[in-house]
Amino acid sequence: MLSGSLALITRHPIPSIVTVIMILKISNFLPLLLLWYLHSCWVATDMAQMKCWKWGRRSTTPSECSSEIQDGCIFVTFLSCHPLKLILRWLIFLIFLNIGYSSKEPDVEGEALIDLIKALNDSNNQITDWNDHFVSPCFSWSHVTCRNGHVIALSLGSKGFSGMLSPSITKVKFLVSLELQNNNLSGVLPDYLANLTLLQNLNLANNKFNGSIPVTWGDLSSLKHLILRGNHLSGTIPDSITNISGLTELDLSSNDLSGRIPVELFSILSFKYLAVSTRKSKLGAVVTSASCGAILLLSVGAMFAYRNHYVNKIKHDIFVDVAGEDDRKISFGQLRRFSLRELQLATDNFSESNLIGQGGFGKVYRGVLSDNTKVAVKRLTDYYSPGGEAAFQREVQLISVAVHRNLLRLIGFCTTSSEKILVYPFMQNLSVAYRLRDLKPGEKGLDWPTRKRVAFGAAHGLEYLHEHCNPKIIHRDLKAANILLDDDFEPVLGDFGLAKLVDSKLTHVTTQVRGTMGHIAPEYLSTGKSSEKTDVFGYGITLLELVTGQRAIDFSRLEEEEDVLLLDHIKKLQRENRLDDIVDRNLKTYDTIEVETIVQVALLCTQSSPEDRPTMAEVVEMLRGVGLAQRWAEWEQLEEVRNREFSLASHNFTWAEESTHDPEAIQLSRAR
Numbered sequence: 047m048l049s050g051s052l053a054l055i056t057r058h059p060i061p062s063i064v065t066v067i068m069i070l071k072i073s074n075f076l077p078l079l080l081l082w083y084l085h086s087c088w089v090a091t092d093m094a095q096m097k098c099w100k101w102g103r104r105s106t107t108p109s110e111c112s113s114e115i116q117d118g119c120i121f122v123t124f125l126s127c128h129p130l131k132l133i134l135r136w137l138i139f140l141i142f143l144n145i146g147y148s149s150k151e152p153d154v155e156g157e158a159l160i161d162l163i164k165a166l167n168d169s170n171n172q173i174t175d176w177n178d179h180f181v182s183p184c185f186s187w188s189h190v191t192c193r194n195g196h197v198i199a200l201s202l203g204s205k206g207f208s209g210m211l212s213p214s215i216t217k218v219k220f221l222v223s224l225e226l227q228n229n230n231l232s233g234v235l236p237d238y239l240a241n242l243t244l245l246q247n248l249n250l251a252n253n254k255f256n257g258s259i260p261v262t263w264g265d266l267s268s269l270k271h272l273i274l275r276g277n278h279l280s281g282t283i284p285d286s287i288t289n290i291s292g293l294t295e296l297d298l299s300s301n302d303l304s305g306r307i308p309v310e311l312f313s314i315l316s317f318k319y320l321a322v323s324t325r326k327s328k329l330g331a332v333v334t335s336a337s338c339g340a341i342l343l344l345s346v347g348a349m350f351a352y353r354n355h356y357v358n359k360i361k362h363d364i365f366v367d368v369a370g371e372d373d374r375k376i377s378f379g380q381l382r383r384f385s386l387r388e389l390q391l392a393t394d395n396f397s398e399s400n401l402i403g404q405g406g407f408g409k410v411y412r413g414v415l416s417d418n419t420k421v422a423v424k425r426l427t428d429y430y431s432p433g434g435e436a437a438f439q440r441e442v443q444l445i446s447v448a449v450h451r452n453l454l455r456l457i458g459f460c461t462t463s464s465e466k467i468l469v470y471p472f473m474q475n476l477s478v479a480y481r482l483r484d485l486k487p488g489e490k491g492l493d494w495p496t497r498k499r500v501a502f503g504a505a506h507g508l509e510y511l512h513e514h515c516n517p518k519i520i521h522r523d524l525k526a527a528n529i530l531l532d533d534d535f536e537p538v539l540g541d542f543g544l545a546k547l548v549d550s551k552l553t554h555v556t557t558q559v560r561g562t563m564g565h566i567a568p569e570y571l572s573t574g575k576s577s578e579k580t581d582v583f584g585y586g587i588t589l590l591e592l593v594t595g596q597r598a599i600d601f602s603r604l605e606e607e608e609d610v611l612l613l614d615h616i617k618k619l620q621r622e623n624r625l626d627d628i629v630d631r632n633l634k635t636y637d638t639i640e641v642e643t644i645v646q647v648a649l650l651c652t653q654s655s656p657e658d659r660p661t662m663a664e665v666v667e668m669l670r671g672v673g674l675a676q677r678w679a680e681w682e683q684l685e686e687v688r689n690r691e692f693s694l695a696s697h698n699f700t701w702a703e704e705s706t707h708d709p710e711a712i713q714l715s716r717a718r
């Protein structure tokens with residue numbers, strides 16, 4: 047076939063151009079076009095003699111050549127008087143020889159990409175020009191970038207893929223960038239990606255990957271950008287990530303990861319960029335971790351001391367302003383410092399038309415940033431801290447490192463001599479309280495599966511604050527109005543960060559009583575001492591809100607009974623076995639057993655003695671039915687005793703009836 051093609055080209059130089067172009071489309075061998083153009087010019091001007099060469103043997107007649115062509119003779123023309131033309135034609139022959147052999151081998155990278163696109167499940171037919179004929183993907187395939195004949199980048203974000211990754215991707219050995227963000231890919235993150243040793247950019251954000259981050263990914267020594275936000279990842283962050291010395295961006299936000307970002311990741315930072323001062327600051331994100339912890343703060347402090355000869359004056363804050371090109375960004379709840387002017391523009395100068403909530407801590411405004419991001423701007427009032435601005439920033443820092451899928455993420459803050467402002471993402475579906483009681487005509491309420499999901503999500507969020515943050519965080523005002531709903535009606539706890547933090551060596555903290563009447567635990571109301579069990583009580587009341595749709599305190603009940611408090615009302619109905627009267631009338635369908643389970647958990651959480659209440663970790667298990675039966679039997683036996691012992695201690699306070707629009711706590715007076 048090779049000899050015949052060459053003979054045809056030699057005899058017919060003009061049609062041969064078409065043949066060459068066809069070959070070029072397969073081989074992408076552009077230099078051949080120029081060579082054949084020169085060859086055709088010579089042949090057209092001087093056809094003198096025909097020779098046939100068969101592996102060094104020359105025949106003398108064309109007829110002999112014709113027979114020899116059948117068994118592999120290479121038929122060429124040349125002018126014996128011009129050696130340069132002979133060299134040129136032999137060069138063309140060698141190129142054809144290379145084409146003849148290479149065309150018989152499949153394109154390994156092309157085959158790998160075909161396997162990949164099949165595994166990704168392109169049901170929307172977004173990729174239509176990738177074919178399985180092993181034509182080089184570097185020739186005309188979309189979303190593919192090549193260098194030196196090898197695929198180095200795949201840009202496949204936002205294509206609606208719903209499949210999984212394929213091991214065949216490892217055959218694309220020169221891959222530098224892999225972008226698959228904003229799809230619906232699922233499965234675990236594969237170990238085999240560690241074989242892509244040249245990979246510098248890996249973006250798998252906003253998919254449905256689950257499981258943990260593979261330990262083997264620490265072998266990705268060339269990696270600079272690792273973006274995994276917005277998946278369903280769990281487990282701890284592997285220490286092997288510290289092996290990636292060139293990593294400049296690590297985004298693990300909006301997952302269910304736990305543990306700490308290894309301290310070694312901070313060791314190559316230029317610490318002059320960690321000061322608050324804007325004169326030399328470049329790093330555009332706050333370096334935070336998911337540990338909520340003191341270990342990170344102590345480690346940063348130790349490294350500050352170690353590198354003191356690089357920095358003349360270092361503060362204990364790690365907030366910075368302006369993004370730099372080469373600096374490390376770790377987006378584990380990425381924090382931003384806003385200027386007051388930015389937030390004034392975002393909220394139309396804090397216009398009352400943008401007011402969406404008001405409470406004891408201040409007002410909350412709807413805002414739109416310059417990049418069209420919708421935010422909730424919490425403008426604090428009467429904020430006072432003996433430590434001044436530095437203390438405020440440290441408190442904000444501790445809020446920001448509490449990262450969990452059921453906690454409202456802090457975007458940033460603003461602090462001036464007269465303003466203290468926090469910025470959160472805007473929750474389009476507002477709060478649970480709004481969806482329970484204040485819907486506008488045509489708006490969607492909460493069905494039973496959604497209410498059950500809220501119960502579990504709030505429990506997980508509180509458990510994280512109590513068990514996985516160091517120092518632990520006490521919410522102190524958990525209620526339906528402080529549980530917000532994202533676009534998918536997933537619950538996130540808000541307003542948890544402004545409460546005082548509890549040192550791990552203490553069992554309680556004495557502070558100013560803040561909370562909402564009906565949600566405040568008896569011991570907190572009478573002594574001003576809060577603990578994790580204070581939050582457990584508030585969670586129990588919130589469960590009753592979910593089941594009944596009613597407020598924690600409602601004076602309208604005085605018309606029919608003496609029970610103003612929702613808790614007392616439910617206990618009465620429970621004693622009378624009137625479960626149907628407990629359930630919200632707006633619920634058309636519900637699971638009776640599930641309702642009974644949640645009511646039982648709620649009553650266990652709202653026992654008058656904090657020692658009798660379960661921990662949030664135990665609450666999570668009881669919601670699943672583990673250990674509930676035994677504890678409920680004990681509760682029933684002791685309920686009569688508790689009723690006699692229960693009484694609210696005298697306590698001076700000011701309060702207002704709860705407003706479901708208030709995402710802030712109602713501030714009470716100081717405890718005696």
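For the sequence shown, the numbering used here assigns the number 47 to the initial residue and increments by one for each residue that follows. Every residue, glycine too, gets a C-beta built ideally from N, C-alpha and C.
Shown here, R425 sits in a strand according to DSSP, grouped into three states.
In the displayed model, D153 falls within coil according to three-state DSSP, outside both helix and strand. Taking the CA atoms as reference points, H565 sits about 23 Å from E667. The Cβ-Cβ distance between S182 and D153 falls below 8 Å. Distance from the CA of L619 to the CA of L590, rounded to the nearest whole angstrom, comes to 12 Å. Per DSSP, E509 is one residue of the alpha helix (DSSP H) stretching across W494 to E513. The beta carbon of S300 sits closer than 6 Å to the beta carbons of R275 and G276 from its chain, once the five residues preceding and following it are set aside; these are given in chain order. For N528, the secondary structure class from DSSP, reduced to helix, strand or coil, is helix.
Under the three-pair Cβ rule at 8 Å, the segment 410 to 418 does not count as touching the segment 259 to 272. The continuous alpha helix (DSSP H) containing A648 extends over residues T638 to C651. For L279, the CB contacts under 8 Å within the same chain, skipping 5 residues up- and downstream, are L235, F255, N256, G257, S258, I259, L298, N301, D302 and L303 in chain order.
Counted as a single uninterrupted DSSP element, the beta strand (DSSP E) harbouring R193 occupies residues V190 to R193. In this model, D600 and L612 are separated by some 7 Å (Cα to Cα). For Q620, the secondary structure class from DSSP, reduced to helix, strand or coil, is helix. In the DSSP assignment, the residues bridged to R382 are G458. With 16 or more other CB atoms across the displayed protein chains lying within 10 angstroms of its CB, R451 is buried.
Residue range N247 to N249 is occupied by the beta strand (DSSP E) that includes L248.
The Cβ-Cβ distance between V593 and I639 does not fall below 8 Å. Cβ-Cβ separation between Q646 and L684: approximately 14 Å, too far for a contact (criterion under 8 Å).
At the C-beta level, F542 and L453 come within 8 Å of one another. Leaving aside the five residues that flank T635 on each side, the residues in its chain whose CB is nearer than 7 Å to its CB run, in chain order, W494.
L669 is a Cβ neighbour of A501, given a cutoff of 8 Å. Out of P487, E225, R497 and C192, the CA that lies nearest to the CA of S204 is found in E225. A distance below 8 Å between beta-carbons, with the five flanking residues on each side excluded, links L485 to the following residues of its chain, in chain order: G491.
K420 is classed as exposed because its beta carbon has fewer than 16 other beta carbons within 10 Å across all chains shown.
Within the DSSP bridge table, the entry for P471 names V421 as partners. Burial check for S477: the Cβ neighbour count within 10 Å reaches 16 or more, so the residue is buried.
For E465, no beta strand (DSSP E) encloses it, and the DSSP letter there is neither H nor E.
Straight across, the Cα-Cα distance linking K575 with A598 is about 21 Å. A distance below 6 Å between beta-carbons, with the five flanking residues on each side excluded, links D237 to the following residues of its chain, in chain order: P260 and T262. When V423, E388 and I529 are compared, the shortest CA-CA separation from E398 is found for V423.
For S572, the enclosing alpha helix (DSSP H) stretches over residues P568 to T573.
The residue from D614, D581 and T580 with its alpha-carbon nearest to that of Q596 is D614. Non-local C-beta neighbours of H512 in its own chain, meaning closer than 6 Å and more than five positions away in sequence, comprise K518, E578 and M662, ordered along the chain. The alpha-carbon separation between S214 and N400 amounts to approximately 52 Å. With at least 16 other beta carbons inside 10 angstroms of its own, Q439 counts as buried.
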